[in-house]
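The structure under discussion appears below in the form of structure tokens.
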Amino acid sequence: MASVTIENVRKSYGNTEVVHGVSLDIADGAFVVLLGPSGCGKSTLLRMIAGLEKITSGEISIGGRVVNDVHPGDRDIAMVFQNYALYAHMNVFDNMSFAMTLKKAPRAEIDAQVKWAASILGLGDFLQRFPRQLSGGQRQRVAMGRAIVRNPAVFLFDEPLSNLDAKLRVQMRTEIKELHQRLKTTTIYVTHDQIEAMTMADVIVILRDGVIEQAGRPMEIYDQPANLFVAEFIGSPAMNLLRGEIAGADGQPKVRLADGILVDAPPGGAAKLGQKVVLGVRPEHLRPTLGLGLPAVISVLEPTGPETHIYARLGATEVCAITNERSEMQAGSAINLSFPPERALLFDATTGAALRG
Amino acid sequence: MSGPAPDIASVATVAGGGRVATIVGRIVLALLVAMWLAPLYWLVNTAFKIKVQIQSPAPIWFPHPITFENLQWVYQNLDPGAFERSIRVVLISVGISILLGPIMAYALSRFRTRWNGQIENWIISTRMTPPAALIMPFYFLALRAHLLNSEIGLIILYIAVNLPLTVWMMLAFLRSIPADSEEAAYIDGCSTWGAFFRIVLPMMRASIVSGALLVLILTWNEFFIAFILMSSNITFPVQVGSFLAVGLNPEYGHMAAAGLMLSLPPILIAVIFRKSLLTGVHAFAGGK
Amino acid sequence: MLNVMNAPATSRPPDASASRRARNSSDLWRWLPSLPGFLLLLVLTLPPFVYALYLSFINIDIQAPGINIHYVGFANYKEVLFTSAGVSAVLNTLILSFGSTILSVLIGLVAAYLIALYAGRMAGFIVVFVLIPLSVSPVAVALVFSLMLDPLYGPIPQISYMLSGVLISPTSNAIGARVVIILLQAWQWSPIAVILLLGGIQSLPKEPIEAALIDGASLFQTIRRIHMPLLRPLLAVTAIFEFILCSQVFAATQLLTNGGPGIATVDLSLYIYKVGIAEGGRVSVAAAAGVIALIIGLLSTTLWLRATRWEQEIYR
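Note that the protein sequences, when read in sequence, are chains X, E and G.
Mapping to numbering that gives the first Met the number 0: the first sequence position 49 is 48, numbers consecutive.
Mapping to numbering that gives the first Met the number 0: the second sequence position 179 is 178, numbers consecutive.
Mapping to numbering that gives the first Met the number 0: the third sequence position 158 is 157, numbers consecutive.
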């Protein structure tokens with residue numbers, strides 16, 4: 000187990016820089032998820048940590064040792080690839096024991112280690128089989144088994160669940176998290192799926208276009224996104240965003256929306272009068288009310304079972320509200336929506352940065 | 000519920016004139032296949048005929064009696080050196096080509112530099128340019144250096160001709176494999192070439208066999224270079240070709256028997272290893 | 000679901016980072032194992048090429064003794080390109096190659112469609128037969144055709160005599176000889192077109208064909224309007240590939256027709272052989288002809304590479 004330090008790391012391909020000076024401190028034993036849309040540089044960053052890509056500038060240290068020029072095999076890491084990357088011509092046992100065989104470890108040790116890893120992942124019956132005889136989920140377990148056998152200082156995961164079907168994905172998510180809780184190995188996990196990030200991470204690092212937008216605990220990021228991008232990226236259905244400008248400071252600040260509607264703004268903001276802002280309200284905080292509220296017209300209702308997603312038009316904007324109550328609402332009917340102002344978030348309309356009190 | 004997705008064959012039956020077209024189509028196809036097999040049939044036919052029947056004024060479609068005297072003549076009178084030489088030359092040049100080829104292809108495919116594309120183009124150009132283009136300097140140099148008729152010289156030339164072919168085909172195959180397993184091997188502690196020998200090479204077995212077979216057949220059949228550079232120490236195709244250089248009235252029976260011996264090995268290889276060869280042809284011309 | 004025990008005690012490798020750092024092979028060194036092959040190729044292709052160029056600009060003639068060797072400019076090229084023998088050689092190369100190519104591609108296309116449409120389960124079987132002409136040595140092909148076309152004993156003239164009463168000798172006139180070579184080449188190399196085009200037809204996307212079915216298109220309409228545009232790149236690749244293969248004819252022109260009658264089937268390869276070795280020893284002229292053949296070859300190869308790239312773009 001070791002900490003990982005990323006200091007001002009940049010990556011360029013030719014003249015194009017894709018990672019711009021990223022710095023990150025990953026504590027020993029932490030489960031860190033690198034999250035972001037395609038092309039944001041998360042996989043590139045992971046591969047630089049692994050040693051599969053050269054670092055253009057900056058330093059990466061594992062366990063206090065700078066590893067920029069160290070061969071991937073000597074970094075004491077193990078990696079689980081999106082496409083499993085198994086050795087097709089070897090059986091499961093040989094796949095998992097390959098690294099130890101290379102280091103000429105004694106036979107008994109290899110046996111014990113592989114059997115231990117296999118028992119954790121339920122692969123005991125498959126050791127003699129070949130990858131082509133296994134299902135996708137089983138192959139992914141073999142890939143994980145191969146990583147566990149190494150007993151490395153750091154686990155690296157590169158979108159390992161993307162090729163699995165939805166049900167298997169949910170199951171494997173839990174298993175990976177259980178594994179981490181047991182083994183307590185530092186884990187760096189790359190994904191574009193924010194649900195994976197939210198459910199598994201100790202720390203989420205959100206990347207966009209080669210830059211860290213925000214890093215922090217899942218709930219921190221959820222409740223206090225640093226900017227519009229993060230606010231929209233995390234949370235499904237996405238946060239409602241209403242554009243407007245600050246009106247009426249002192250006492251109860253308000254935001255005047257584009258079509259003139261006036262709503263209560265979160266108190267104690269640093270916003271100035273007249274500032275163009277975006278008001279963010281999470282769907283679960285937006286509720287239909289019988290009393291005073293913002294007038295909206297229902298467009299579509301999505302009953303999901305435990306809750307109902309109400310898509311409605313609020314002035315010129317389409318918003319989403321979530322409610323647990325069953326009612327006789329119908330598309331086309333008018334409703335009033337309200338939200339607790341202290342749960343809303345304000346963002347500067349130009350920079351996207353969060354405005355906090 | 001919809002049935003299996005219609006493919007071009009079902010389009011034919013539904014939209015292409017149905018049964019009549021199918022029958023006509025099959026007849027034409029049979030004719031085409033007959034066209035491709037007919038000359039070979041005639042070769043076998045002639046090889047087993049007695050001279051009288053070969054020289055009959057009307058075509059005799061099946062030898063009666065079947066005689067082995069032509070084959071016997073060839074076996075007894077043709078210098079076996081040519082046959083043995085062909086085998087030697089083919090095995091050595093093919094062997095070395097498939098030893099060097101995968102390594103070159105791996106380097107070209109995994110170690111990217113600015114010039115890799117150019118190098119690949121150059122390699123395939125060396126194979127595709129007509130041998131006639133460069134035969135003159137080779138011949139003249141060999142003539143002056145008294146290296147004509149050197150078996151080693153021929154082997155080296157054949158390697159130069161076969162190597163680009165193997166490299167090209169290995170390249171096509173390597174391009175279709177993502178480098179994931181090799182990266183996993185690096186992380187497991189393998190060195191670059193270690194990963195090649197332990198991980199990639201086993202996966203390339205099929206395409207290496209494919210390339211080897213293709214090159215085997217092409218080298219066995221090769222005539223142009225062998226004909227020009229060797230007048231003694233000749234290879235088997237040149238020896239068989241000399242039947243036609245005799246002038247008028249060659250012994251057709253003997254000629255056919257020799258032709259049969261020349262054609263049989265590659266035909267057998269083609270039929271036995273057809274799957275491998277077909278993949279090879281697609282890989283070669285598909286380029287990738 | 001997870002059944003976790005503690006990891007067995009293993010010996011972790013000592014931190015040998017100092018010595019291991021050198022293992023990260025620098026980029027240039029890792030090319031080392033591949034160098035012998037590259038060097039071999041380089042040595043065997045570049046010097047001869049340069050030497051050919053050199054030869055083509057001087058006046059080596061084995062049969063003219065005692066002439067001092069000097070630079071003659073483009074005289075050799077002029078001889079190849081402007082004398083009747085040379086022009087004939089170049090023209091024959093083009094005639095024979097294009098003729099065989101067109102015939103091969105046509106046969107290939109027809110055969111490929113027939114197999115795809117009507118062969119059903121026999122398709123694999125038929126493809127085996129198709130491989131056979133490809134694997135036969137060109138020498139054997141020349142041999143067989145000379146057997147079949149022999150004016151006295153060959154079945155083809157004999158049948159034609161029985162049908163028409165006319166004795167024919169196909170290789171005894173210029174046009175006949177060329178036709179024979181073209182047919183021979185097409186016979187041997189059309190299977191490549193069959194294999195490639197069959198592969199292409201069988202991997203055509205199914206949806207447009209289904210849509211055409213629903214729209215009521217006939218077979219020919221489907222082929223013409225939907226298949227052909229999609230097959231165009233593959234057709235280009237196949238055609239150029241056939242051209243390259245057919246242009247390297249030698250055994251047939253040397254052994255079957257011996258360039259004849261006269262010089263009717265002398266193409267560039269045979270011209271080089273005759274002028275440079277067999278009938279002349281006029282090394283420089285032959286070298287110039289070789290350079291011309293090289294140019295044609297390089298052009299074709301470049302076109303072919305472009306065509307293969309075009310083909311991939313359509314499908315990626």
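Even for Gly, the Cβ is constructed at its ideal location relative to N, Cα and C.
How long is the line joining the alpha carbons of residue i and residue j, rounded to whole angstroms?
i	j	result
residue 2 (chain G)	residue 225 (chain X)	Summary for residue 2 (chain G): the model assigns pLDDT 42, below 50, so the residue's position carries little reliability, and this model does not support an answer.
residue 107 (chain X)	residue 174 (chain E)	39 Å
residue 305 (chain X)	residue 235 (chain X)	15 Å
residue 298 (chain X)	residue 193 (chain G)	58 Å
residue 154 (chain X)	residue 200 (chain E)	28 Å
residue 239 (chain E)	residue 257 (chain E)	6 Å
residue 391 (chain X)	residue 188 (chain X)	The structure shown does not extend to residue 391 (chain X), since chain X is modelled only from 0 through 356, so no value can be given for it.
residue 210 (chain E)	residue 198 (chain X)	50 Å
residue 27 (chain E)	residue 250 (chain E)	35 Å
residue 269 (chain G)	residue 298 (chain G)	20 Å
residue 310 (chain G)	residue 19 (chain X)	37 Å
residue 114 (chain X)	residue 86 (chain X)	19 Å
residue 149 (chain X)	residue 285 (chain X)	49 Å
residue 171 (chain G)	residue 164 (chain G)	18 Å
residue 223 (chain G)	residue 141 (chain X)	50 Å
residue 295 (chain X)	residue 271 (chain X)	28 Å
Is the beta carbon of residue i less than 9 Å from the beta carbon of residue j?
i	j	result
residue 189 (chain E)	residue 198 (chain E)	yes
residue 48 (chain E)	residue 69 (chain E)	yes
residue 97 (chain X)	residue 89 (chain X)	yes
residue 209 (chain X)	residue 17 (chain X)	yes
residue 248 (chain G)	residue 39 (chain E)	no
residue 95 (chain G)	residue 245 (chain G)	yes
residue 10 (chain X)	residue 38 (chain X)	no
residue 60 (chain G)	residue 283 (chain G)	yes
residue 157 (chain E)	residue 218 (chain E)	yes
residue 34 (chain X)	residue 191 (chain X)	yes
residue 276 (chain E)	residue 269 (chain E)	yes
residue 27 (chain X)	residue 5 (chain X)	no
residue 187 (chain E)	residue 101 (chain X)	yes
In terms of DSSP beta bridges, what is residue i paired with?
i	result
residue 319 (chain X)	X:310
residue 243 (chain X)	X:256, X:276
residue 207 (chain X)	X:210
residue 336 (chain X)	X:287, X:293
residue 226 (chain X)	X:352
residue 78 (chain X)	X:155
residue 10 (chain X)	X:18
residue 30 (chain X)	X:186
residue 232 (chain G)	Paired residue(s): none; residue 232 (chain G) is not in a bridge.
residue 180 (chain E)	DSSP lists no partner for residue 180 (chain E).
residue 362 (chain X)	Since the first residue shown for chain X is 0 and the last is 356, residue 362 (chain X) is missing from the structure and cannot be characterised.
With distances taken Cα to Cα, identify the nearest neighbour of residue i among the options.
i	options	result
residue 163 (chain E)	G:44, G:287, G:209	G:44
residue 78 (chain X)	X:158, X:193, X:341	X:158
residue 275 (chain X)	X:295, X:241, X:165, X:289	X:241
residue 226 (chain E)	G:230, G:200, G:226, G:254	G:254
residue 92 (chain G)	G:68, G:206, G:293, G:141	G:293
residue 169 (chain G)	G:38, G:114, G:263, G:306	G:263
residue 130 (chain E)	G:272, G:124, G:35	G:272
residue 203 (chain X)	X:215, X:211, X:194, X:195	X:215
residue 89 (chain E)	E:125, E:59, E:236, E:274	E:236
Exercise for review: Check distances from the C-beta atoms of the stretch 97 to 109 of chain X to those of chain E and list, in chain order, the residues that come in under 7 Å.
Suggested key: 97, 98, 101, 102
Got a sec: which bits of the stretch 149 to 164 of chain X sit with their beta carbon under 7 Å from any beta carbon on chain E, in order along the chain?
none
Along the stretch 161 to 174 of chain E, where does the CB come closer than 9 Å to a CB of chain G? Name the residues. 162, 163, 166
What residues from the stretch 124 to 144 of chain G come within 8 Å of chain E, judged by C-beta to C-beta, listed N to C? 125, 126, 127, 128, 129, 130, 131, 132, 133, 134, 135, 136, 137, 138, 139, 140, 141, 142, 143, 144
- Members of the stretch 178 to 189 of chain E near chain X, C-beta cut-off 8 Å: 179, 180, 182, 183, 184, 185, 186, 187, 188, 189
Which residues of the stretch 188 to 221 of chain E have a Cβ closer than 7 Å to any Cβ of chain X? Give them in chain order.
188, 189, 198, 201, 202
Short-range partners of chain E found in the stretch 40 to 68 of chain G, where Cβ spacing is below 7 Å: 40, 43, 44, 47, 48, 50, 51, 54
Query raised in the report: If you measure beta-carbon to beta-carbon, which residues of the stretch 112 to 133 of chain X are closer than 8 Å to chain E?
Result: none
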